[in-house]
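What follows is a short report on a single structure.
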Amino acid sequence: MTDTAEPLTSMDFHPQPKAGTARPWAFPAPERGTLGNGLTVLRCHRPGQQVVAVEIFVDAPLEAEPAGLDGVATIMARALSEGTTERGAEEFAAELERCGATLDAHADHPGVRVSLEVPVSRLRKALGLVAEALISPAFAEDEVKRLVSNRLDEIPHESANPARRAAKQLSKELFAEGTRMSRPRQGTEETVEAIDAAAVRAFYDAHVRPAAATAVVVGDLTGVDLDEVLAETLGAWTGAPAAPRPMPPVTADDSGRVVIVDRPGAVQTQLLIGRVGPDRHDAVWAAQALGSYCLGGTLTSRLDRVLREEKGYTYGVRSYAQVLRSDGAGHGASLLAISGSVDTPNTGPALDDLWKVLRTLAAEGLTDAERDVAVQNLVGVAPLRYETAASVAGTLADQVEQHLPDDYQARLYARLAETGTVEATAAVVSAFPVDRLVTVLVGDAAQIEEPVRALGIGPVTVVS
Amino acid sequence: MPMGHTATAEAGSGGLTATEHRLANGLRVVLSEDHLTPVAAVCLWYDVGSRHEVEGRTGLAHLFEHLMFQGSKQVHGNGHFELVQGAGGSLNGTTSFERTNYFETMPTHQLELALWLEADRMGSLLAALDDESMENQRDVVKNERRQRYDNVPYGTAFERLTALAYPEGHPYHHTPIGSMADLDAATLEDARNFFRTYYAPNNAVLSVVGDIDPEETLAWVEKYFGSIPAHDGKPAPRDGALPDVIGGELREVLVEEVPARALMAAYRLPEDGTRACDAIDLALTVLGGGESSRLHNRLVRRDRTAVTAGFGLLRLAGAPSLGWLDVKTSGGVEVPAIEAAVDEELARFAAEGPTAEEMERAQAQLEREWLDRLGTVAGRADELCRYAVLFGDPQLALTAVDRVLDVTAEEVREAAAARLRPDNRAVLVYEPAAPAGSEDGADGAEGDDEEGADQ
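Protein chains in written order, with my numbering: chain R, 12 to 475; chain G, 4 to 458.
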C-alpha cells in the first residue's frame, strides 16, 4: 500500500475553463412542396452530408388492418422490397445494394415508413428503385408466403427477449381489449398465419398512394437537380386522391398494478413501468421532456443516481415519452415509461427505491440546478444530435407522421429554454403518479413475487 | 512542446485532412478541422484493452473504464458526466480487446471543458478513486454483464466463440466483459496499479475533430495535458500471433433455453491493417452482408431453412481477426442441413470467387459504411485514433476506403479459399432445451474438440 508515500498527482492544475461564445445553430427548416401526383415533399440541404437520407411516410395505420389480419401492414411493408413487376426479389435487393444503399420498411401505429440511405452520387438510381417498389410491387404469392413464415419464425425470438416481452405485455395491460394498440404491432402467430398475397395486395390498394404519402429528402444536395430526380422517380407514382383518416381515440387503463411475466431462472428482472400521456401537440410536452430528463434521462438523473450510482442494482434505468400516434385534433397519445433491468435478488429493493424517488420528486420538486442542466443538455446537444442527414430526416418525418408543423422541433428548443422549474416539476409529477402506473416485470416469479407484493404498489398477478 | 506537420487532402477522403503533433510527455495529438457544424469531438484512445489483462483479472480494463467516470482531483463524483451533459455535450467510453476509448462531442464553445476533464483524469484519477466507487461500479458492471450477455438468449455466444477460437492462455481468449468471478476478485489496488501502468500520456492518442481553431486547440492541449508526466512501465501484451489457420474444426454444442436452433462459427482471419483483411471483409460482405448476400439468398430466400443468416467481421490488429457466422434456423430445421448448405456456398465461393457485380455491390456497401463513419466528427475522431494507436499513422483513416476499393476479385477469392474453410473455424451449435419434445440428443455425433460443452 504505497499510495500515501507516492505522490498521487504531479501535474499542473488549472481552474475549470469557462465556455466560449456559442455559435448559433438552428434546427434546419425544410422546404415543403407537392408533386403533381399529390405526393408531399420536404427537402433539406445539409452541406457535407454525403449520405442522403430519404424517409417516406404513408398514411396506412395499423388500425386500418382488417380484423384478424394483424401484421398485414408489416408484411406489406417488407414485401415492397421483395420484387416488382420489373424484377424479382433477389435482383431488387442486389440492385439496391449495388448503389451502396440501405432500405428499411416497417409499419407502426401511425403508418408505414420507408427509409433509404444512399451516397448522393447514387441517389437517382436508388430512389428510382424505391419508386418502383412503391409503384409496382409484385407481391408474388411465393414471396409473401416466405415473408409470412419468416415472420412466424421471428415471434419466438421476440418472446424470448426480456425487453420485447415486457413491451408486448404492457400494451396488452394498458390498452382496452379489442383495440389495435393492445395487440402486437407485427401480429400474433394466429393473425400472421392468415396473411396471404391477396390480403397484402388489398391493403396496398386501399392505402398506398402518393396523395397519402410524404417524402423527406435530406443531405448534401449540391449539384443535384432534385426536382428532376423526383419527377423521374416518385413523380411517376399515381393513385386516387386520399381523404384524411380520422383517428380513433386512445383509451387506457393505468390503475396501479403489477404483472409478473414468469421467466424461471432469470438472473435479472426486466422492468417496464408505464402509462399513457399526452402527445406533442399538448403544451405540456416541453415541460414534461425536461422533467423526464431530470427523472431518468441519463446516469446522473434521479433514478440512476440512486439505482445505479449509489446502489449498483442496474446498468441503467431510463424514463421517456414515446408518441404512439397523433392527429393534431387532441386524440393523440404517448407511452410514458420507465424501463431498465435490475438483478433478481435486488428486484424488491430496487422497486422500493424507484417508488421513493418518485414520491420524493412529488413531495419536494426539482431543483433549479437540475432544471438548468436539463435545459442546457436538451437544447445544447441539438447540433450534435442532428449532425447526420438521417437524424434530420427522421425527425422531419416524425413531425409529418404526428401532424406537427415543419418548424415544431425548432420551436421546441425555444420552449424548452423558457420552461421553468415549477412547470417541469408539475409535468413530470403528473406524468408519473405513483398510484397510476402499470408495472410489468419479466423475471423469476418464484424469487420476486413476494418482495414485490410486500411493496404495496398495486395488486400483483403472474402470467407465463 | 508541440511539433507537427500538415497533411494534404488525400484522394477519396472527401477533402478531409488531419495534422499530427506530439507533446514532450509523449502524448500524440491528431487534429482535423471541419466547420460545417458548430461541434467538436474529443477522442482519447489509451493503448490498453482486455488483451493486457492477466489471468484471474479478466474484465479489469472495462471495470477500470467505469472508474474513470467516478471523479478525479478537480472533478467530484459524477462531475465528468454532469459537466459534459450540462454543457450540451455527449460522452461515453468503451473497452475492447485492444484499446480503451473515451469521447466527448461538444458544442464548439465548450471544447476546452472536455480537454480539461480528460486531462484531469489522465493526470489525477488516483486522487479520487476509492473503495466506494470500486464497490459500486463492480455491481454496475456485473449488472451490465447480466443485461447484455447472461439474461438474453444466445447472449454468451460471442464469449464462447472467442474462447474456442483463441486458445487457452492467448490474450484474446477472453472478452472485455470478463467473468463474474474475476470481477468479484478485482481489488482497489488492482485498479490503482492498472492506472499507474497504462494511463500515461505516452500510451495514448488524443484526437480533436470539428469546428476547431487548430492553434488554439493545440495550446489548450499543451496547457492541460503538457505537465502530466510520462510513464514507461508498461509491459508488452502477450503475443497474439497464431498460425494462419486453426488446422482442425473446433466445436461446442450447447443445450440451452433458446427460441430456435442456431449455427454460429468463428473463422480465423487476417489481421486488420493488411490487404488480405480488406479482401476477406469483401468476401464476408458478398457471402453474408445485407439482403442480397449468398447466404441470405440461399438459406433465407431459397432453402427457407433460416430466419436470419449473415457474417460479421471483427477486425483485430494484435491477433487474427474473427469472422462471425450467425444463422438462426427456421421452424424444425436441423443444424446439419444448414451446415451443409453453408459449406457448399463457401466452397463454391472459394473456387469461383465473386462475380463482378457482387464485387461492385460489396465495395459500394463498404464505401457507404466508411462515409457514415467519417460523416460525423465523433466517428472521424475515433477512426483517427484507431489508425494512430493500432497502425502508427492516423492518415490511414482517410484513405481506408480507397484501399477497400483497390482490392481485386481474385484477391477476394484467394482470401476466402485460404481462410473460410471448415478446418479454420470454431463452431457453436445451439439446441433448444425447452420441453418442445421430439429431438434432443442430436448432438451425440458431433463431438467437441476443445472446450467441451460446459452445461
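Glycine included, every Cβ here is placed at the ideal spot set by N, Cα and C.
Keep in mind it's a predicted model, so treat the numbers as computed, not measured.
Check	Outcome
Taking C-alpha atoms, which residue in G:Ala122, G:Gln398, G:Val87 and G:Asp134 lies nearest to His112 of chain G?	G:Val87
Should Pro41 of chain R be flagged as near chain G, meaning a C-beta pair shorter than 8 Å?	no
Give me the Cα-Cα distance between Arg422 of chain G and Ala217 of chain R, rounded to the nearest whole angstrom.	51 Å
DSSP state of Thr280 of chain R, grouped into three classes?	strand
Straight-line CA distance for Trp373 of chain G to Gly315 of chain G?	16 Å
Can you grab the Cα-Cα spacing for the pair Lys29 of chain R / Gly313 of chain G, in whole Å?	49 Å
Could you pull out every unbroken alpha helix (DSSP H) segment of at least 4 residues lying fully inside the segment 248–320 of chain R, listed in chain order?	296–307 and 313–318
Between G:Pro262, G:Trp223 and G:His83, which has its C-alpha nearest Ile166 of chain R's C-alpha?	G:Pro262
Is Val432 of chain G close to chain R? Criterion is C-beta to C-beta, closer than 8 Å.	no
Give the C-beta separation of Arg245 of chain G and Pro323 of chain G to the nearest angstrom, bearing in mind that I take them to be a contact with Cβ-Cβ under 8 Å.	Just to set this straight, residue 245 of chain G is Leu in the shown sequence, not Arg. Indeed they touch by this definition, with Cβ atoms about 6 Å apart.
Please list, in chain order, the residues of the segment 136–155 of chain G that have any C-beta partner in chain R closer than 7 Å.	Asn139, Asp142, Val143, Asn146, Glu147, Arg149, Gln150, Asp153, Asn154 and Val155
Using the beta-carbon of each residue, which ones in chain R are nearer than 7 Å to Ile231 of chain G?	Met22
Does the pairing of the segment 262–278 of chain R with the segment 453–463 of chain R give three or more beta-carbon distances under 8 Å?	yes
Which of helix, strand or coil does DSSP assign to Ser160 of chain R?	helix
Answer yes or no: does any C-beta atom of chain G fall closer than 8 Å to that of Asn48 of chain R?	no
In or out: Ser93 of chain G buried (at least 16 other Cβ within 10 Å) or exposed?	buried
Kindly list, in the order they appear in chain R, the residues whose Cβ is closer than 8 Å to that of Pro262 of chain G.	Pro167, His168, Ser170 and Ala171
Between Ala171 of chain R and Pro204 of chain G, how many whole angstroms is the CB-CB distance? I'm expecting something under 8 Å.	Actually they are not in contact, since the Cβ atoms of Ala171 of chain R and Pro204 of chain G sit about 47 Å apart, beyond 8 Å.
Flag Glu337 of chain G as yes if its beta-carbon sits less than 8 Å from any beta-carbon of chain R, otherwise no.	no
Chain G beta carbons: is any one of them nearer than 8 Å to that of Thr244 of chain R?	no
Taking only runs that begin and end inside the segment 251–320 of chain G, name each unbroken alpha helix (DSSP H) of 4 or more residues, in chain order.	278–291
What separation, rounded to the nearest whole angstrom, lies between the Cα atoms of Ser147 of chain R and Ala112 of chain R?	20 Å
How many angstroms separate the CA atom of Ser160 of chain R from the CA atom of Thr85 of chain R?	13 Å
Starting from Asp375 of chain G, trace the alpha helix (DSSP H) in both directions and tell me its first and last residue.	Ala359 to Leu377
Using a Cβ cut-off of 8 Å, which residues of the segment 341–359 of chain R contact any Cβ in chain G, in chain order?	Ser352, Val353 and Asp354
How many whole angstroms separate the CB atoms of Val45 of chain G and Glu121 of chain G, which I take to be in contact at a CB cut-off of 8 Å?	6 Å
Report yes if the C-beta distance between Phe38 of chain R and Tyr304 of chain R is below 8 Å; otherwise report no.	no
Is the CB of Asp164 of chain R under 8 Å away from at least one CB in chain G?	yes
For Gly472 of chain G, which residues from the same chain have a beta carbon less than 8 Å from its beta carbon, with the 5 sequence-adjacent residues on both sides left out?	It is not possible to answer for residue 472 of chain G, since the shown part of chain G is limited to 4 through 458.
Within the 8 Å Cβ cut-off, does Leu310 of chain R reach chain G?	yes
Return helix, strand or coil for Ser170 of chain R, following the three-state DSSP convention.	helix
Could you work out which residue in G:Tyr433, G:Ser53, G:Val42 and G:Asn28 is closest to Pro240 of chain G when comparing CA atoms only?	G:Ser53
For the segment 295–321 of chain R, which residues have a CB atom closer than 8 Å to at least one CB atom of chain G, in sequence order?	Thr309, Leu310, Thr311, Arg316, Arg319, Glu320 and Glu321
Could you check which residue in R:Leu80, R:Leu46, R:Ala144 and R:Leu73 has the C-alpha nearest to that of Ala90 of chain R?	R:Ala144
State the Cα-Cα distance for the pair Phe443 of chain R and Ile459 of chain R, rounded to the nearest angstrom.	23 Å
In whole angstroms, what separates the C-alpha of Glu106 of chain R from that of Val65 of chain R?	17 Å
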